[in-house]
Every structure is written in C-alpha cells, then in structure tokens.
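S.K.: In our numbering, the protein residues as written are 38 to 287. Pasting a structure below so you can have a look.
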Amino acid sequence: AGDGRAPQRDWHGNMAESEELDDVMLLLEAYRNEKAAPEILPYQGELVEHLKELTERQEEIIEEEASEQNVLVSICQMELNRVVYLLRAYHRTRLQKIEKNVMFYMADSTSTEFQKLSFHEQDYAQNYFQLSEQHFKRSVLDHLPEAFQDYMHQSDASEAPDMVPEPNADAHVLMRVKEDLGRVVLDARYCSAQGVALRSIRPAEAHAFVAGLVRLSRNDVDVTFRKGDLYIVRYEPMKQFLRDGKVCLV
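Structural data, given as structure tokens:
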C-alpha cells in the first residue's frame with residue numbers, strides 16, 4: 038500500500054496488503070482498549086457482527102475440507118479459534134465491567150453511559166441489577182429501618198442516588214499515541230512529581246524516559262504528545278482522544 042505497513046494475512050494464510058487494519062486487528066485494539074479503560078467504551082457492534090459472520094463462513098469452509106487432512110485446514114482452524122477467543126474475551130471484559138458498576142449504568146437508562154451497551158448487554162444489566170437488588174434486600178435492607186431500605190439511596194432524605202459507585206476515571210493508563218496531538222494542556226492534578234508521561238526511546242525496546250513538561254501556571258501544564266510514543270497519564274483528560282481513535286491503550 039506504500040505506507041510502510043507490513044502486509045497482512047487473509048483467512049487462507051495468503052499475504053494481502055490493506056490500507057487499513059483488518060477487522061481482527063481492529064477487534065484486538067478494541068479489546069485492549071476495553072480491558073485497560075476504567076469505564077466501559079461504546080460497543081463495537083458493526084465490527085463484532087461482521088467478524089461473527091466471517092467466522093461462521095470460515096467454519097463452513099473448514100468442515101467441507103476437514104476430510105482432506107490438509108495442513109492448511111489445521112492452520113485455518115487454529116486462526117479461527119484465536120478470533121473466536123478474542124470475541125469472547127471482548128464480551129467477557131465488558132460483562133465484568135457491567136457487573137462491577139451495574140448500579141451506575143442502571144441509575145439512568147436514558148444516559149449516554151447506558152447507551153454505550155449493546156441491546157443484549159442492556160438486557161443483561163437490567164436482569165443482573167434486579168437480582169442483586171433482590172439479594173441485598175432479603176439479606177440486609179429489609180432488616181434496616183424503613184428510611185434506609187432503598188438500594189441506591191442512603192436514606193429517604195437523599196434526592197439523587199448517592200450509593201452508586203462509579204468507574205474511576207482518574208485511574209492511570211498506559212497510552213500509545215496513534216497520531217501527533219501537538220501540545221495538550223492538562224490540569225496539574227493529572228500530573229505528578231514522578232512524571233506525567235513516559236515516552237519509549239525505541240519501539241522495539243522497553244526503555245523509557247520522562248517526557249518534558251512545560252508548566253504554564255500553577256494549575257496547568259503543557260504536554261507534547263507525539264505519534265508512536267507511550268505515555269502514562271490519568272484517563273480522564275485523555276478519554277476524548279481515545280474515543281476519537283487518536284490514541285489507544287496498552
């Protein structure tokens with residue numbers, strides 16, 4: 038393709054060039070982002086459905102050629118198993134996040150956070166929430182004074198849900214920059230004396246050094262984010278770049 042990318046293999050092991058990452062690599066990136074991000078990310082429904090269709094067609098091809106005892110068939114089956122595992126791992130990671138913060142996602146079914154879930158995940162979250170609420174009511178809440186029996190409120194005096202744990206958006210993440218972002222102004226709260234960012238000296242090496250920071254004021258610092266660099270930074274100020282596909286998590 039002339040862009041310096043290594044050629045990629047198609048489903049039959051043949052070398053094929055592509056201007057963009059293939060669907061399997063896109064799913065791998067989505068899985069890594071999902072696993073590293075403290076919040077749940079928008080569901081990659083179109084990508085997942087396309088890969089499901091692709092794996093189903095490949096399974097049919099393998100079944101037709103299985104009797105030939107061909108080495109290529111075994112290789113294709115092995116690659117197919119990897120893709121199926123990746124699909125399951127992606128969904129399993131999202132379900133774990135839903136279970137961990139189900140009250141947060143169910144606090145408002147019209148919120149943007151709830152809309153990040155797929156239809157099946159929304160159904161799962163509702164059922165999981167109902168079961169956990171029933172369990173806590175029977176085991177604890179029903180034995181408390183009536184004013185303290187609500188599942189999501191500390192007491193009747195609480196107007197908004199105040200017993201709802203939220204994802205920790207201030208958690209640190211390891212981030213790779215996919216395109217130059219230039220200088221980004223960060224709140225000093227997201228920096229530390231140990232260094233806000235680590236930049237890889239060479240892509241093939243694990244060595245890193247603290248990237249330079251320019252302090253604009255007592256509350257702000259100016260950080261230059263360069264393509265290909267690795268940075269350790271808190272998630273909150275960088276999450277929009279992740280959603281825009283300008284960075285990925287490692």
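Every residue gets a Cβ at the ideal spot worked out from N, C-alpha and C, and that includes glycine.
With distances taken Cα to Cα, identify the nearest neighbour of LEU124 among ARG94, LYS276, LEU65 and ALA162.
M.R.: Here residue 124 corresponds to residue number 87 of the sequence shown, with the count starting at 1. Residue LEU65 is the option with its Cα nearest to LEU124.
S.K.: Thinking C-beta only, is ALA67 closer than 8 Å to TYR165?
M.R.: In the sequence shown, counting from the first residue as 1, residue 165 sits at position 128. In the sequence shown, counting from the first residue as 1, residue 67 sits at position 30. Cβ distance not < 8 Å, so TYR165 and ALA67 don't count as in contact.
S.K.: What residue does the alpha helix (DSSP H) around MET115 start on, and which one ends it?
M.R.: As a first step, residue 115 must be located in the sequence shown, where it is residue number 78. Element bounds for MET115: 108-137.
S.K.: May I ask you to report which of helix, strand or coil DSSP gives LEU65?
M.R.: Residue 65 sits at position 28 when you count from the first residue of the sequence shown. Correct three-state label for LEU65: helix.
S.K.: Would you mind sorting PRO202 into buried or exposed? The rule is 16 or more other CB atoms within 10 Å of its CB.
M.R.: Along the sequence shown, read from residue 1 onward, the residue named residue 202 stands at position 165. It is exposed - the Cβ of PRO202 has fewer than 16 other Cβ atoms within 10 Å.
S.K.: Measuring CA to CA, which of GLN152, LEU211, GLN186 and PHE185 is closest to ILE269?
M.R.: To locate residue 269, count along the sequence shown from 1; it is residue 232. Nearest option by C-alpha distance: LEU211.
S.K.: Which residue comes first and which comes last in the alpha helix (DSSP H) that contains LEU30?
M.R.: Here the chain comprises residues numbered 38 to 287, so residue 30 is not present and cannot be evaluated.
S.K.: Measuring only the C-alpha atoms, how far is GLN95 from GLU158?
M.R.: As a working mapping, residue 95 is identified with position 58 in the sequence shown. As a working mapping, residue 158 is identified with position 121 in the sequence shown. Their Cα atoms are separated by approximately 26 Å.
S.K.: Does DSSP put ILE369 in a helix, a strand or coil?
M.R.: There is simply no residue 369 to check, as the chain begins at 38 and stops at 287 in what is shown.
S.K.: On the DSSP letters alone, give me the boundaries of the beta strand (DSSP E) that ARG94 sits inside.
M.R.: Taking the sequence shown and counting its residues from 1, one reaches residue 94 at position 57. That residue, ARG94, is in no beta strand (DSSP E); its alpha helix (DSSP H) goes 82-102.
S.K.: For LEU117 and ILE99, which I take to be in contact (beta-carbon distance under 8 Å), what is that distance rounded to the nearest angstrom?
M.R.: Sequence index remark: in the sequence shown, residue 117 carries index 80 (1-based). Sequence index remark: in the sequence shown, residue 99 carries index 62 (1-based). Indeed, because the Cβ distance is near 7 Å, the residues count as touching under 8 Å.
S.K.: Run through DSSP, which three-state label would MET212 get?
M.R.: One-based indexing of the sequence shown puts residue 212 at position 175. Note: MET212 maps to strand in three-state DSSP.
S.K.: In whole angstroms, what separates the C-alpha of ASP199 from that of SER192?
M.R.: Here the question's residue 199 lines up with position 162 in the sequence shown. Here the question's residue 192 lines up with position 155 in the sequence shown. Between ASP199 and SER192, the C-alpha separation is close to 9 Å.
S.K.: Between the C-alpha atoms of GLU71 and LEU279, what's the straight-line distance to the nearest angstrom?
M.R.: Position 34 of the sequence shown, counted from the first residue, corresponds to residue 71. Position 242 of the sequence shown, counted from the first residue, corresponds to residue 279. Near 11 Å, if we compare the C-alpha coordinates of LEU279 and GLU71.
S.K.: Label LEU137 either buried or exposed according to how many other C-beta atoms from any shown protein chain fall within 10 Å of its C-beta, with 16 as the threshold for buried.
M.R.: To locate residue 137, count along the sequence shown from 1; it is residue 100. Checking the sequence shown, residue 137 turns out to be Lys, not Leu. With fewer than 16 other Cβ atoms within 10 Å, it is exposed.
S.K.: Are the stretch 257-267 and the stretch 181-191 touching by the rule of at least three beta carbon pairs closer than 8 Å?
M.R.: No, because fewer than three Cβ pairs between the stretch 257-267 and the stretch 181-191 fall closer than 8 Å, the two stretches do not touch.
S.K.: Within a Cβ cutoff of 7 Å, which residues of the same chain sit near MET275, ignoring the five residues on either side of it in sequence?
M.R.: Residue mapping note: residue 275 aligns to position 238 of the sequence shown, counting from 1. Excluding sequence neighbours, MET275 sits near MET212 and VAL284.
S.K.: Name the DSSP bridge partner or partners of ILE160?
M.R.: If you number the sequence shown from 1, residue 160 lands on position 123. In the sequence as displayed, the identity of residue 160 is Asp instead of Ile. DSSP lists no partner for ASP160.
S.K.: May I ask you to list the residues that DSSP assigns as paired with LEU223?
M.R.: What you label residue 223 is simply residue 186 of the sequence shown in a count that begins at 1. Partner(s): VAL258.
S.K.: Taking the continuous alpha helix (DSSP H) assigned at GLN152, which residues delimit it?
M.R.: Indexing the sequence shown from 1 puts residue 152 at position 115. First-last of the alpha helix (DSSP H) with GLN152: 149-152.
S.K.: Look at the alpha carbon of THR149 and the alpha carbon of ASN205, and state the distance between them as a whole number of angstroms.
M.R.: Indexing the sequence shown from 1 puts residue 149 at position 112. Indexing the sequence shown from 1 puts residue 205 at position 168. Between THR149 and ASN205, the C-alpha separation is close to 17 Å.
S.K.: Going straight from the alpha carbon of SER254 to that of ASP207, what length do you get?
M.R.: Within the sequence shown, residue 254 is the residue found at index 217, counting from 1. Within the sequence shown, residue 207 is the residue found at index 170, counting from 1. Any reading at SER254 must be qualified, since the residue scores a pLDDT of 45, below 50, and its modelled position is unreliable; no value is offered.
S.K.: List the residues that DSSP assigns as beta-bridge partners of TYR268.
M.R.: For this step, residue 268 is matched to residue 231 along the sequence shown. Paired residues: MET212.
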